[in-house]
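A.B. asks:
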Amino acid sequence: MRARRFELRVIGVALMVAWSVAAALVLLAYRPGGPFDVVVGITMLLPIAIAAISVAWPPVARGASAVPLMVALGVGSLLVLLPSIGGVLNQILALGSQTLMPSFEAAYPWFLALVGTSLFSASGLVRRAGPTPLGRRPSTRGIALAVGLSVASGGLFATAVIANELALQRAPTGPTSSRFGPTGRTGEPPACDGPLGTAPTARVRTTLSGTVDRRSVGSVDLAGVRVGTDLRWLAYVATDQALGQFGAAQVGERAWLRTPAAGWTPVSAGADVEEIDTATIDLQAIRVALTADNRATPEDHGVEVIEGARARRCRIAVDGATFRAAFPQIEWLVGDADLSRWFGQLDYWVFLDGDVGQMAGSANGEAGEIQADALQATIEVLLTATERGRELVIYPPAP
765 MRARRFELRV IGVALMVAWS VAAALVLLAY RPGGPFDVVV GITMLLPIAI AAISVAWPPV
825 ARGASAVPLM VALGVGSLLV LLPSIGGVLN QILALGSQTL MPSFEAAYPW FLALVGTSLF
885 SASGLVRRAG PTPLGRRPST RGIALAVGLS VASGGLFATA VIANELALQR APTGPTSSRF
945 GPTGRTGEPP ACDGPLGTAP TARVRTTLSG TVDRRSVGSV DLAGVRVGTD LRWLAYVATD
1005 QALGQFGAAQ VGERAWLRTP AAGWTPVSAG ADVEEIDTAT IDLQAIRVAL TADNRATPED
1065 HGVEVIEGAR ARRCRIAVDG ATFRAAFPQI EWLVGDADLS RWFGQLDYWV FLDGDVGQMA
1125 GSANGEAGEI QADALQATIE VLLTATERGR ELVIYPPAP
């Protein structure tokens, strides 16, 4: 019995730590600008208290199948909670966005983890309380208590989030736009499967990184400007496949490519023309990856705030061929490797102006063609298109 109690208490401690990390992330980093930002974070402390109940009174149940059931419940809650925490951490640190109103797809893993934690803790608490005069079974009382804890904790969090959203909508309007787009308080970003606009101008930036069997194979940092289909960008490449500064430019009917060995050289005909045609960065990614067919059944992850601009975060599944065609600069990471059997996902943010201002995703698959004896490779990408629609000028490269 002591061994079972210790095992269940360890699971309770793990749940308590996981919820503490989640609460710290929300309490310290959740700042969309509303008057109740801190209150939203404080409501995340309630699941910690619920998990602490299982540490004080582990759910040691009688019966051959009861303890394994409790262990499975606690471990299952952890398995649902930990990836959600990782997603929030990546969102804050890498993507720079903060969820304002989570969608069902984004909220249900947290709700499942909360219900599982409440059931795990309530089972121990009701057994500690002993039998009731009405003679109800502990399992019935445990379920009733778990429902109450889940509704109370989840309800307070939802109330705080909704109140924060309403307060933001009623707050005096500040700057009319950020570099990511309009910052209007009213209105909702377009739906994930709705029509997507393409800004006439944009300042684009793309970062690519790759790993093979968890070992880095390099990175690509690209930045430039696009005006219509005219463009000019430079990419700093440091990978196993290439090293140096690459670039592409097009002004009217003239086009240039840049390599570390030759510098800027005019494009005349042949394969170089195709390379220029796919060098429009954000337009290329939208044209290839975000087709109507690919967005037929997207995941809606709710409304987020990026540098003051509201956007709807959406997610689709992509195969390796689509991923490579959308981001041709992947060639500097994987060479000519066949990615047709790769799979991944791509998030895109649709802002109030109807334009896609940010994309982030990853794809992975077999790595044998990239490195001998390697098993799995992963490519990650982050693309931003800022200052969309503003007056930008492109100058041709100096001869």
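Each residue of the sequence shown is one higher than the one before, counting from 765 in my numbering.
Virtual Cβ for every residue (Gly too), placed ideally from N, Cα, C.
A quick note: this is a predicted structure, and the numbers were derived from the prediction, not measured.
1) In the structure shown, what three-state DSSP assignment does residue 771 receive?
2) Can you grab the Cα-Cα spacing for the pair residue 1029 / residue 854, in whole Å?
3) Let me know the secondary structure DSSP gives residue 1039 once reduced to three states.
4) So does the region 1100-1115 actually touch the region 1127-1141, counting three or more Cβ pairs closer than 8 Å?
5) How about the region 969-982 and the region 940-954: do they share at least three Cβ pairs that are nearer than 8 Å?
6) Quick check on DSSP: helix, strand or coil for residue 997?
7) Decide if residue 897 is buried, meaning its Cβ has at least 16 other Cβ atoms within 10 Å, or exposed.
8) Where residue 1020 and residue 841 are concerned, what is the direct C-alpha to C-alpha distance, given to the nearest angstrom?
9) Just checking my contact of residue 996 with residue 968 at CB under 8 Å: how many whole Å lie between their CB atoms?
10) Would a C-beta distance cut-off of 9 Å place residue 1149 and residue 1120 closer than the cut-off?
11) Should residue 815 and residue 885 be called a contact, given that it needs their Cβ atoms to be closer than 9 Å?
12) Please classify residue 921 as buried or exposed, where buried requires at least 16 other C-beta atoms within 10 Å of its C-beta.
13) May I ask you to verify whether the region 831-848 touches the region 770-779, counting CB pairs closer than 8 Å and requiring at least 3?
14) Do you know how far the Cα of residue 1065 is from the Cα of residue 1153?
15) Would you mind stating whether residue 960 and residue 798 have Cβ atoms separated by less than 9 Å?
16) For residue 1145, which option in 1135, 868 and 984 has the closest C-alpha, if you only look at C-alpha atoms?
17) I'd like to confirm the pairing. Which residues does DSSP put opposite residue 1130 in its beta bridges?
18) With a cut-off of 8 Å on the beta carbons, I'd call residue 1113 and residue 1063 a contact; round off their distance for me.
19) Only counting runs of 4 or more residues, tell me where the alpha helix (DSSP H) segments fall wholly within the region 903-969, in order along the chain.
20) Report all residues from its chain with a CB closer than 6 Å to the CB of residue 793; omit the five preceding and five following residues, and keep chain order.
21) For residue 1115, count neighbouring Cβ atoms within 10 angstroms of its own Cβ and tell me buried if that reaches 16, exposed if not.
22) To the nearest angstrom, how far is it from the Cα of residue 754 to the Cα of residue 982?
23) On the DSSP letters alone, give me the boundaries of the alpha helix (DSSP H) that residue 1096 sits inside.
24) Measure the beta-carbon distance from residue 1050 to residue 962 and round it to whole angstroms, keeping in mind my assumption that it falls under 8 Å.
25) Excluding the 5 residues preceding and the 5 following residue 954 in the sequence, name in chain order all residues of the same chain whose CB lies nearer than 6 Å to its CB.
26) Assign residue 1222 to buried or exposed, taking buried as 16 or more other Cβ atoms, counted over all protein chains shown, within 10 Å of its Cβ.
27) Kindly provide the ranges of any beta strand (DSSP E) runs that are 3 or more residues long and lie completely inside the region 783-811, ordered along the chain.
28) Terminal residues of the continuous beta strand (DSSP E) containing residue 1108?
29) Once you ignore the five residues that flank residue 1076 on each side, which residues in its own chain have a CB closer than 6 Å to its CB?
30) Could you name each continuous beta strand (DSSP E) segment of 3 residues or more that falls completely within the region 1007-1091, going from the start of the chain to the end?
31) Using the Cβ count rule (16 or more neighbours within 10 Å means buried), how would you classify residue 887?
32) Could you pull out every residue in the same chain whose Cβ sits closer than 8 Å to the Cβ of residue 1003, ignoring the five residues on either side in sequence?
33) Classify residue 820 as helix, strand or coil using the three-state DSSP reduction.
34) Cutting at 6 Å between CB atoms, please list the residues of its own chain near residue 768, excluding the five before and the five after it.
C.D. replies: Reading it off the structure:
1) helix
2) 39 Å
3) helix
4) yes
5) no
6) strand
7) Interpretation of residue 897 is limited by its pLDDT of 49, a score under 50 that renders its predicted location unreliable; no figure is taken from the coordinates.
8) 55 Å
9) The pair is not a contact, with the Cβ atoms about 10 Å apart (cut-off 8 Å).
10) yes
11) yes
12) buried
13) yes
14) 26 Å
15) no
16) 984
17) 1140
18) About 13 Å; that fails the 8 Å criterion.
19) none
20) 856
21) buried
22) Here the chain covers residues 765 to 1163 and nothing more, so residue 754 does not appear.
23) 1095-1098
24) 6 Å
25) 1114 and 1118
26) For residue 1222 there is no data in the structure shown, the boundaries of the chain being 765 and 1163.
27) none
28) 1107-1115
29) 953, 1067 and 1114
30) 1007-1015, 1018-1023, 1027-1030, 1063-1070 and 1073-1083
31) buried
32) 974, 981, 982, 983, 984, 1096 and 1097
33) helix
34) 824 and 831
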